[in-house]
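Only one structure is covered here, and it is reproduced in the block below.
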Amino acid sequence: MTVELNLAVNRDAVAERATRLGEPAWMITKRQDALDLAPTLALPKVEKIKIDGWNFTEGSTELENVTGLTADIETLVGENRDHLLVTRNGQVVHAQNSEAANGVIFTTLEDALKNHADLVEKYFMTEGIQVNEDRLAALNAALMNGGTFLYVPKGLKLTVPMQAIYTLEQEHGALYHHGIIVADKDSELTYIENFVSYGDAPHNVNVVTEVFVEDNAKVLFGGVDTLAKGAVTYMNRRGVVKQGGKLEWALGHMNDGHTVTDTKTHLVGNDAFSDTKAVTVGRGDQKQNFNVRTDHFGKGTEGFILIHGVMKDSATSIFNGTSMIHHGASKSNGVQTERVLMLSEKARGDANPILLIDEDDVMAGHAASVGRVDELQLYYLMSRGLSRKEAERLVVHGFLQPVVSELAIDSVKERLIQVIEGKVK
Amino acid sequence: MTASHLKIEDLHVAIEGKEILKGVNLEIKGGEIHAVMGPNGTGKSTLASALMGHPTYEVTSGKVTINGEDVLDMEVDERAQAGMFLAMQYPSEISGVTNADFLRSAINSRREEGDEISLMKFIRELDSQMNFLEMPGEMAHRYLNEGFSGGEKKRNEILQMMMLKPSIAILDEIDSGLDIDALKVVAKGVNDMRSPEFGCLIITHYQRLLNYIEPDFVHIMMNGKIVLSGGKELAHRLEAEGYEWVKTELGIETEEPTEA
Numbered sequence: 001m002t003v004e005l006n007l008a009v010n011r012d013a014v015a016e017r018a019t020r021l022g023e024p025a026w027m028i029t030k031r032q033d034a035l036d037l038a039p040t041l042a043l044p045k046v047e048k049i050k051i052d053g054w055n056f057t058e059g060s061t062e063l064e065n066v067t068g069l070t071a072d073i074e075t076l077v078g079e080n081r082d083h084l085l086v087t088r089n090g091q092v093v094h095a096q097n098s099e100a101a102n103g104v105i106f107t108t109l110e111d112a113l114k115n116h117a118d119l120v121e122k123y124f125m126t127e128g129i130q131v132n133e134d135r136l137a138a139l140n141a142a143l144m145n146g147g148t149f150l151y152v153p154k155g156l157k158l159t160v161p162m163q164a165i166y167t168l169e170q171e172h173g174a175l176y177h178h179g180i181i182v183a184d185k186d187s188e189l190t191y192i193e194n195f196v197s198y199g200d201a202p203h204n205v206n207v208v209t210e211v212f213v214e215d216n217a218k219v220l221f222g223g224v225d226t227l228a229k230g231a232v233t234y235m236n237r238r239g240v241v242k243q244g245g246k247l248e249w250a251l252g253h254m255n256d257g258h259t260v261t262d263t264k265t266h267l268v269g270n271d272a273f274s275d276t277k278a279v280t281v282g283r284g285d286q287k288q289n290f291n292v293r294t295d296h297f298g299k300g301t302e303g304f305i306l307i308h309g310v311m312k313d314s315a316t317s318i319f320n321g322t323s324m325i326h327h328g329a330s331k332s333n334g335v336q337t338e339r340v341l342m343l344s345e346k347a348r349g350d351a352n353p354i355l356l357i358d359e360d361d362v363m364a365g366h367a368a369s370v371g372r373v374d375e376l377q378l379y380y381l382m383s384r385g386l387s388r389k390e391a392e393r394l395v396v397h398g399f400l401q402p403v404v405s406e407l408a409i410d411s412v413k414e415r416l417i418q419v420i421e422g423k424v425k
Numbered sequence: 426m427t428a429s430h431l432k433i434e435d436l437h438v439a440i441e442g443k444e445i446l447k448g449v450n451l452e453i454k455g456g457e458i459h460a461v462m463g464p465n466g467t468g469k470s471t472l473a474s475a476l477m478g479h480p481t482y483e484v485t486s487g488k489v490t491i492n493g494e495d496v497l498d499m500e501v502d503e504r505a506q507a508g509m510f511l512a513m514q515y516p517s518e519i520s521g522v523t524n525a526d527f528l529r530s531a532i533n534s535r536r537e538e539g540d541e542i543s544l545m546k547f548i549r550e551l552d553s554q555m556n557f558l559e560m561p562g563e564m565a566h567r568y569l570n571e572g573f574s575g576g577e578k579k580r581n582e583i584l585q586m587m588m589l590k591p592s593i594a595i596l597d598e599i600d601s602g603l604d605i606d607a608l609k610v611v612a613k614g615v616n617d618m619r620s621p622e623f624g625c626l627i628i629t630h631y632q633r634l635l636n637y638i639e640p641d642f643v644h645i646m647m648n649g650k651i652v653l654s655g656g657k658e659l660a661h662r663l664e665a666e667g668y669e670w671v672k673t674e675l676g677i678e679t680e681e682p683t684e685a
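Going line by line, the protein sequences match chains C and H.
If you're matching positions, the first sequence starts at 1 in our numbering and goes up one per residue.
If you're matching positions, the second sequence starts at 426 in our numbering and goes up one per residue.
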């Protein structure tokens, strides 16, 4: 299958831009190959909603240069300016990292391709996300115009979180962001990212993030996405966890536009561990598809998935949770729970838990529920004087609480509570 | 302080098209405690639920006012704001919302924006009322009614009443499933509320509760109507003789019970 993508760029334009940015030859080739491949690949596979009509590629990759921190960004980061990377329209406007002296690299991918090309080459779409996985992953490689590289060296246990803010502030713009997070052996890191865009005018956000947790390393990954109503979003996050490594995802999918997310973790090493927690609030007429998947390859691996979603208005969300225990991953344990609460008659939610087990000696479990808000609960709360809205707010808060309260990163928890309040009002 | 005056006139209520209340008249004023008693399935709890605005009860005719305002025209929350409170027979469980957070929201819902109760004042009052009701402090931080025993739920209803200070409280079978000690505690809470600004309607099957909360008026409900009213001596006679004499004296044929 080959489709016409009508992209504004061709092989030459891709090479020209990459050369201008000073990218190494292998990267330029990779981009060009990905561009050729894209039209031959399918869109990501989603269940029960049609995304064929979504325009993932209409935005322009040529983004205006903007500088400084906006008031909105300052609110997000608070007082802190260290361990902080901010890009606007894909270009860096703030990068401060006092851990550089300890060998920590925290910079844009553009900068890393110049100064740490070997490391980037080792991790860029090699063991993690593959260029040929789907059309949008290929386009990310080809058209990448923003990105992050975070590397924590062997044995270093970072106690402060590394924080990043990425904004897209251009109508009809497109951000193709590629993040690479590496925790080398025996290291520990916490990384928090916020994707932000504005307005109802169409724009595209295409994010590929690859997280590598080397032997016995530990990563807490927090993400709060608040892309605007005009955004059509593709967000593909992948963790690769080696022996004894631990990866915890704490995700708030708080976009207002159409969204497809894929959060997959490959537990490749023995005794690798992952925990994926996500919450979402859908509103308006947005459609969202959330895929969360854990692939158990190593022996004695453990993977947990917990997703709670609230649907308001005529929002639609499909949750697909998959635990795949591959042959050889004996003594592994895969557990997942998906719960959806619908606040209105027109809202639609679906939860599909899937266990795929190709090994005998394992444990696995799943639970899913989709339901409407309990009128008797609202009656009870209202009988104490709470307005219907306030009663709904409490019920939603309570529904998301089991996930939010368990998020491993306090600042993500607080930010999420704020965003949820804003969305439920 | 506003007056407390609930007036029910010829109230008819149906559930799924079946008429349960067939013309109830009752007037409760500040300082008064009324008890509505009667056999199972005569509409006592229907009265309580309909007054508060339960979604499955349909008022087909009649009039209810609180301090002159039309109650039936109000949303559930507006009824509460107007001073009504219903201690429910089966309180809902709300996961993820702590008792304390809920109570603070409920108190603030009846105050102006900018005039919210201070956290310190709230905690002081909550502590003191929970002590009074012999509730362990940790119950403030448990999720609302989740995993509460029957007795704990009832106590929690009374706690809410004491914190929210309604002008008219309706207690729907607050005594069901309570042991004698819990019953005494619940009664202590209600008695503590007694004042000229507080009127109370106690719905009960048994006279037992009325040994601890002395009613000013006792009403007997049968077939969806109040058939006999009197003072507290009426409750004692029911305790001693049951309901049969009422039927005989008034010549009432009871229908088969339709609700538990």
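Glycine included, each C-beta is placed from N, C-alpha and C at the ideal position.
Item to complete: Could you name the residues of chain A that Ser383 (chain C) contacts, counting a contact when the two beta carbons are closer than 9 Å?
Response: Among the chains of the structure shown, chain A does not appear; the protein chains present are C and H.
Worksheet entry | Burial state of Arg549 (chain H), where buried means 16 or more other Cβ atoms lie within 10 Å | exposed
Worksheet item: From the DSSP output, which residues share a beta bridge with Ile180 (chain C)?
Response: Residue pairing of Ile180 (chain C) in beta bridges, as defined by DSSP: C:Phe149 and C:Glu210.
Worksheet item: Of all Cβ atoms in chain C, is any one closer than 9 Å to the Cβ of Ala685 (chain H)?
Response: Legend: pLDDT at Ala685 (chain H) = 43, less than 50; position of this residue unreliable, no value from coordinates given.
Practice prompt. Would you list, in chain order, the members of the region 526-537 of chain H that have their beta-carbon closer than 7 Å to a beta-carbon of chain C?
Written response: Phe527, Ser530, Ala531, Ser534 and Arg535
Discussion item. So, with DSSP's three-state summary, where would you put Asp597 (chain H)?
Written reply: strand
Discussion item. Taking the beta carbon of Met426 (chain H) as the centre, do at least 16 other beta carbons fall within 10 Å, making it buried, or is it exposed?
Written reply: With a pLDDT of only 45 at Met426 (chain H), under the threshold of 50, the placement of this residue in the model should not be trusted, and no figure is reported.
Practice prompt. Would you tell me roughly how many angstroms separate the C-alpha atoms of Arg415 (chain C) and Met509 (chain H), rounded to the nearest one?
Written response: 37 Å
Worksheet item: Under the DSSP definition of a beta bridge, which residues are partnered with Trp249 (chain C)?
Response: C:Phe221 and C:Thr276
Worksheet entry | Given Asp200 (chain C) as reference, the closest of C:Val292, C:Asn216, C:Gly222 and C:Gln170 once Cα atoms are compared | C:Gln170
Worksheet entry | Proximal residues of chain H, C-beta to C-beta of Leu394 (chain C) below 9 Å | Ile519, Gly521, Val522, Asp526, Phe527, Ser530 and Leu569
Discussion item. My assumption, with CB atoms under 8 Å, is that Asp285 (chain C) sits in contact with Met254 (chain C). Please give the rounded CB distance.
Written reply: Not really, about 16 Å apart at Cβ, beyond 8 Å.
Discussion item. DSSP three-state label for Ala439 (chain H), please.
Written reply: strand
Discussion item. At a CB distance below 7 Å, what residues from the region 542-555 of chain H approach chain C? Give them in sequence order.
Written reply: Per Cβ criterion, the list is empty.
Item to complete: Find the residues of chain H that neighbour Leu343 (chain C), judging by a C-beta separation of less than 8 Å, and give them in chain order.
Response: None at all; the shortest Cβ gap to chain H is about 15 Å.
Discussion item. Could you compute how far the alpha carbon of Glu79 (chain C) sits from the alpha carbon of Thr471 (chain H)?
Written reply: 57 Å
Worksheet item: When the Cα atoms are used, what is the spatial distance from Ile677 (chain H) to Tyr668 (chain H)?
Response: 11 Å
Practice prompt. Could you list which residues in chain H have their beta carbon closer than 7 Å to that of Tyr379 (chain C), in chain order?
Written response: His479, Pro480 and Val501
Worksheet entry | Nearest-angstrom Cα separation, counted from Ser405 (chain C) out to Glu99 (chain C) | When only Cα atoms are considered, Glu99 (chain C) and Ser405 (chain C) end up about 29 Å apart.
Discussion item. Pull the bridge partners of Pro353 (chain C) from the DSSP assignment, please.
Written reply: C:Gly321
Worksheet item: So is Ala138 (chain C) buried or exposed if we call it buried at 16+ other beta carbons inside 10 Å?
Response: buried
Discussion item. Whether or not the region 556-569 of chain H and the region 577-585 of chain H are in contact is what I'm after, with contact meaning three or more pairs of Cβ atoms, one per stretch, closer than 8 Å; do they touch?
Written reply: yes
Item to complete: Look at the alpha carbon of Thr322 (chain C) and the alpha carbon of Glu338 (chain C), and state the distance between them as a whole number of angstroms.
Response: 11 Å
Practice prompt. With DSSP as the reference, label Leu589 (chain H) as helix, strand or coil.
Written response: helix
Worksheet item: Are at least three pairs of beta-carbons, each pair with one atom in the region 254-263 of chain C and one in the region 226-237 of chain C, less than 8 Å apart?
Response: yes
Worksheet item: Would Leu43 (chain C) pass as a contact of Phe56 (chain C) if the rule is Cβ separation under 9 Å?
Response: yes
Discussion item. For Leu589 (chain H), would you say it is in contact with chain C, using Cβ-to-Cβ distances shorter than 9 Å as the test?
Written reply: yes
Item to complete: Indicate whether Val86 (chain C) and Ala164 (chain C) have their beta-carbon atoms separated by less than 9 Å.
Response: yes
Worksheet item: For chain H, is any of its Cβ atoms less than 9 Å away from the one on Ser387 (chain C)?
Response: yes
Discussion item. Can you tell me where the beta strand (DSSP E) holding Glu193 (chain C) begins and where it ends?
Written reply: Looking at the DSSP string, the run of the beta strand (DSSP E) that includes Glu193 (chain C) is Glu188 to Ser197.
Discussion item. Suppose you measure from the CA of Leu675 (chain H) to the CA of Asn465 (chain H); what does that come to, to the nearest Å?
Written reply: C-alpha separation (whole angstroms): 18 Å.
Item to complete: Measure the alpha-carbon distance for Val652 (chain H) versus Glu563 (chain H) and round it to whole angstroms.
Response: 45 Å
Practice prompt. May I ask which residues mark the beginning and end of the alpha helix (DSSP H) holding Gly614 (chain H)?
Written response: Ile605 to Met618
Practice prompt. List the residues that DSSP assigns as beta-bridge partners of Arg388 (chain C).
Written response: Arg388 (chain C) pairs with nothing; no bridge assigned.
Fill in: Partner residues on chain H for Pro402 (chain C), Cβ-Cβ distance less than 8 Å
Neighbours of Pro402 (chain C) on chain H, chain order: Ser520 and Gly521.
Worksheet item: What three-state label does DSSP hand Thr40 (chain C) in the structure shown?
Response: It is helical.
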